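Residue numbers (the working numbering): 293 to 1504. Cβ coordinates follow ideal geometry from the N, Cα and C atoms, glycine included. In this text the structure is predicted, and so the values were computed from the model without any measurement. Data first, discussion second: the structure below is written as structure tokens.
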Amino acid sequence: MASGDSLLDSAEELDDFSDSGSDYEATLKATKRRKPAVTAPWPPKRPRYKAALRVSSSSSLIPSSTDTSPQQPSSSQTSPRPVTRVNKRSRCISAENIYDAVRSGKSAMVTVVDEWLDSYKPSREAGLLVLINFIVQSCGCKGVVSREMLDSMQNAEIIGTLTKEFNEDSVTYPLCTPGPELKNFKAGLCEFVRVLVRSCRNSLIYDEYLFSSLLALLTGLSDSQVRAFRHTSTLIAMKLMTELVEVAVQVSVQLKTTQRQYDMENGKEAHDQAPGRLEELQATISQLRENREELSSMMNVTFRGVFVHRFRDRLPEIRATCIEELGMWLKTNPEDFLNDGYLKYLGWTLHDKQSPVRLQCVLALQGLYQEKEFIGRLEFFTSRFKKRMLSMVLDKDSGVAVEVVNLLQLIQQTTEEGLSEGECGHIYPLVYASNRALASVAGVFLFKKLKNVIASDNQDNDTSENAAFIQILISFFIQSEFHEHGAYLVDSLWGVARSELRDWEAMTTLLLQEAGLMYDEEGVLIELMMCAIRQAAQATPPVGRTQGKKIIGMKDKKVQEQDRRRITTHFIPLLPQLLAKYSADAGKVTLLLKAPQYFSLEMYSSSPRLEKHLDLLLSQVCCIMEKHTEVTVLEACSNLVSSLCVDRYTFSSRTHLAFSQLMDGLTECLNAYLSDLLQGTADDDDVYSAATALKKIAALSSAMDPTSWKLFDCCLELLKSKMESREFDKELMVSALKCAAFNLMWAKVNAVNSTPAEGELKRLKKEMRSFCKVCETCLSLDQTEIRDQAFELLCDLLLLYSVSSARSEPALQTLVHLPSDSLRSEMAAFLLDYVFSDTEDAELDDEDEEAMKITLLQRKRNQLAGYCKLVIYGVLDLTAATNVFKHYSKYFKDFGDIIKETVSKSKVINPIQSAKTVCLSLQQLFSEMLTEDHSRQDLIEIRDLAKRLAMSFGINLNRARKPLVALHKDGVRFAFRDPSEGEEPQSNGAFLEILSEFSFKLLPQDRTELAAFLKSVCPGAALSWPSVRLYQRSLEGRSSAKAREQEEEGDAVSSHGAPVAKRKRTTPQSSVASTVGGSWLDSSIHSSLATPVFTSTAQKQTAKQLASRATESDTGSVLTEPESEDDFTLESNMRKLKPSRRDQLSSQTGRSLDQQDLNSNLTLLSLIEDDDAEREEEPEIEDYESDSDAESAYTLPSTRHTSASVLDELFD
């Protein structure tokens, strides 16, 4: 192996080879295309190619295409070949014919190459000319190389001429054409090169004319500053090199074989040797050595003339092609290439800034590490670049990261030292990554590592293999310190460890045995077991790892149903035992109570034996509710009650009876303390006992109808008495609010499902009115929990008792309750004081309280969504949305998605009124600015808000005509309205500056109408005001926004792969992820609106989950590859100057220069890239820094997600 120092060499050693054509030009001039005299085997050269066509087929002098064996090269190159017949069609193949065949991809490439060879053999120059023009045409150039150019001009001059003749109309060329055509052409071109070399490998490859001339041209083209020339020629040269390497390997094998035969023959006695055999073998050896030297010379020219420059080309596709082919050379011919002198290029390219290049580098390394015989030669490379490979597991491109993990898996398996435990620590956390492909390969790595540990530790242990795997997985989960993400660990391992993770018997045995696991290990095992149950029963990945909509096939559904039945059969008898053992642990019980959600519950009624287990389960649930007061446990119990009480199950009556008895006991407990609570004589213990009972009643009320217990009146009296006495017990009042609200909700459901009397409806409406008054009072309390709960319940109940909810049931019109003016004002004030406010956030400054900040944000989003739904569903007027719209810009990061959706839905309800509401929002902000200290900065902020709101009108300007005209007219009237008392005259004139932000959406006829309306409203003296003149200019012709847009287009730099496209306006995207499960406003806005998910009854997300989502949002940019804009800054600057250079050149020389020469110069200016910019901008490879280096963390999605309201199905 070469010295290790060569691997550490800097890329500066390559500075002798410039990336432009100048330095290599000297070599080309020194080695001008050789035209050796025709040797004996070749027929006399025809003076013209057309003359060859006139020769009859019987007298053709074309040499035979029959190849001779390499063992007899002398006969193939020293004696004339027999004459064969060639038809006229064979001689007439042209560059266009070859190009069409390659482009279509449907032609037999062997036939195409054979026809070209038949045309090449009579006249090498003519055949080479066809091949050259094919290459030129493949570059997308319309120029043609003539025979005179080939005879009289050097390569550099030919390339310069072709550059001037390059088609300027389009910047595309065949290799960058989008769509399937690119794939077909590239594959056809590579196949043509492969077949060409293989057809010539025994003869023409050594004629010192065809391939030497071809490589000289390709080397010159690869140094061209025209991207199409450089890209296409580099691809062809690299493919040629790959085929030459394969031929060289074959020649080396033949040489070794022949040398072995020679040694055996030479070792024989003289009388045993065949006559002339030694001389024949010696001649063959000499010829093979000459062939190998010729191949080495061509490979060296290609490598140093093309690869050394182009592997660091500024075009990522060229760099990726070079690295891909280098990997082929290393694997095909390790004797010559697998050394540090060539491996260093792979090491340097690991730092490339473009992910496709890094990907090809990693794939090339995978091919090397798969070969065990290469490991010794890769030892120094591994030690030198292992650190870089480990850092690439956090690559910003997930595809690269996936292949890097596969590469490290190969290193772990094939090398002696493998990866240390610390190095494996870079890969283990990836099992929690949000990208499922990356997490899966990390799961495979972890699984194999754990299996190796088990194999080494389990020799003296009788534990079953699955039980041992579960125990070591528990240890890993605890040590990884990423708790509450068990679902992601299970999903990562599901593909490779499915049998181990579905061994329910091993898991429950570990949990039920007395001297089994430690306390923490039991909790982890329960969490992993429940995640595995969910994965098996639902067959869906956790939140954040969904890969589009996948249609589950019948086979998968059958497997899923089988798994569900196996789970049910196993856990029905064991679940009561597990609940009994862990009944005192809130966390473990909460997890275990989720198990029946994944059961086939109808199996409980399949046999009397299983019904006995149902009774045990109900008994355990009731005991747990009596024992625990934690919100999470009570919610889990209520979800289980809701699942078991479904009427379609035959055992539902038994579950209703069991939980009704539990409700009776809780109601009796509450009534025992109620009188003392109302009189104010209850002590702290009584208050706690009553609050606990009421809390459990509220939890049960969310799952079953509580109206028969008549709890509404006592809850309402309790709330009134506490507010009158100003004794605010948070637990008691929040539970009372929930209990009363659930009674009203269930009463409405019962009214819909039955036909209640008129008196019953009036009583229910009176209760609704009384509850709204109590909640209105709670909104002004200085108690956060009470205030927030009252607001959320109001949003839900006002929706449930709204006009839209009674349209389908005219008999229920009596129940419609509209909020009073005072309630509307209180709710708007709540929104401004506690949602669009930073006071609470400012109080939470410590890093330890970051989770509290996220919880607070989620609560605010929940409240804002509830208020917006009241507007959308007609409970509040559209004008109430001004309290939301005017905060669109300031709070865009936190609430942008909700406000944007509200604006969009409001346009569906009433487009004109929605536009007027937008204008009213801006007017309110403008008026507030005038009442305070007027500043230009405030006006700029309002204009920014106007820009955002203007984008909401979409791109269909015909549909938005009337709303926009109404908005403008309202704005103009506001600007010139009569001043109120205390206001300065015409103080609203500056509002026209804000209004001008909507002008670019107007159609020409509307601009004219509004200009006339402005003159009719505006006083004559005001026409000279700057704001009025600005608004008038916005109505004339192009809008200012459009002008800015065109200026940006003028300076924009088009990508190499496609023409410059007109930039489209896009609505700004929210930086806040939408709530799980899609938009919070999915339904239609028409009369048949479905009742939306309630704000208060939906389960809230935990702080950890929201924190996880925030982390994912913040690091989301890490997972996408933006265009690299800073790679070659100087190049971009040069490109920006090109239009002005062209204009200047045109104006100065238009009269003095010939028009044709001018066009050629302009074409050249537009196609070539600045040589100096290329030299200055090319960074050394060792200085490449991938964006993945900056990665310090991976995205951890959350396992907890918002579930729909438990009452959703009742209101469907």
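- Taking the Cβ atoms as the reference, Gly432 lies roughly 5 Å from Ala520, within the contact range of under 8 Å.
- Taking the CA atoms as reference points, Asn558 sits about 28 Å from Val539.
- Contact check for His643 against Arg602 fails: the beta carbons are separated by 9 Å or more.
- The C-beta of Val692 has 16 or more other C-beta atoms within 10 Å across all chains shown, which makes the residue buried.
- DSSP places Ser1013 inside the alpha helix (DSSP H), whose first and last residues are 1004-1017.
- Three or more beta-carbon pairs separated by less than 8 Å are not found between the region 472-479 and the region 444-458, which leaves the two stretches without contact.
- In the DSSP assignment, Glu709 falls outside any alpha helix (DSSP H), carrying neither H nor E.
- Proximity of the region 822-832 to the region 881-891 meets the contact definition, three or more beta-carbon pairs being nearer than 8 Å.
- Burial of Asn1035 is indicated by the presence of at least 16 other C-beta atoms within 10 angstroms of its C-beta.
- With respect to the C-alpha of His1109, the residue from Tyr1093, Met1119, Ala1103 having the closest C-alpha is Tyr1093.
- Shortest Cα-Cα distance from Ile989 to any of Glu918, Glu1016, Phe1020, Ser438 involves Glu918.
- For Val925, the enclosing alpha helix (DSSP H) starts and ends at 923-936.
- For Ala1303, the closest of Leu1294, Ile1286, Leu1327, Ser1129 by C-alpha to C-alpha distance is Leu1327.
- For Leu532, same chain residues with a beta-carbon under 8 Å away, outside a window of 5 residues either side, are Val485, Val489, Phe503, Leu506, Leu507, Leu510, Thr594 in chain order.
- In this structure Gln517 is buried. Its beta-carbon is surrounded by 16 or more other beta-carbon atoms within 10 angstroms.
- With a beta-carbon spacing of about 5 Å, Gly1281 and Ser1319 fall inside the 8 Å limit used to define contacts.
- Three or more pairs of CB atoms, one per stretch, sit closer than 8 Å, so the region 661-679 contacts the region 701-721.
- Under the three-state reduction of DSSP, Asn494 is assigned to coil, being neither helix nor strand.
- Ranking Thr1076, Ala828, Val1163 by CA distance to the CA of Gln889 puts Ala828 first.
- In this structure, Val537 sits away from Thr613, with a CB-CB distance that is not shorter than 9 Å.
- DSSP, read as helix, strand or coil, puts Cys431 in coil.
- In this structure, the beta-carbon distance from Gly1051 to Ser1013 does not fall below 9 Å.
- Just measuring C-alpha positions, the residue of Ser589, Leu1091, Cys1007 sitting nearest Lys1040 is Leu1091.
- If the five residues before and after Gly710 are omitted, its C-beta is found closer than 8 Å to the C-beta atoms of Ile703, Gln704, all from its own chain and listed in chain order.
- Cβ neighbours of Arg1253 within its own chain (closer than 7 Å, five residues either side excluded): Leu1295, Asp1298.
- For Leu1168, there is no enclosing alpha helix (DSSP H), as DSSP marks it with neither H nor E.
- For Ala1032, the secondary structure class from DSSP, reduced to helix, strand or coil, is helix.
- Under the three-pair Cβ rule at 8 Å, the region 889-903 counts as touching the region 936-943.
- In the same chain as Thr674, and ignoring 5 residues on each side of it, the C-beta atoms closer than 7 Å to its own belong to Ile703, Thr707, in chain order.
- Distance from the CA atom of Leu962 to the CA atom of Cys1064, rounded to whole angstroms, is 24 Å.
- Remark: fewer than three beta-carbon pairs, one from each stretch, lie closer than 8 Å, so the region 1142-1149 and the region 1193-1209 are not flagged as touching.
- Annotation for Ser491: Val402, Val405, Asp406, Leu409 place their beta carbon closer than 8 Å to its own, counting only its chain and skipping 5 residues before and after.
- Burial of Lys1199 is indicated by the presence of at least 16 other C-beta atoms within 10 angstroms of its C-beta.
- Under the three-state reduction of DSSP output, Ser748 falls in the helix class.
- By the Cβ test, the region 807-819 is not in contact with the region 850-860, since fewer than three Cβ pairs between them sit closer than 8 Å.
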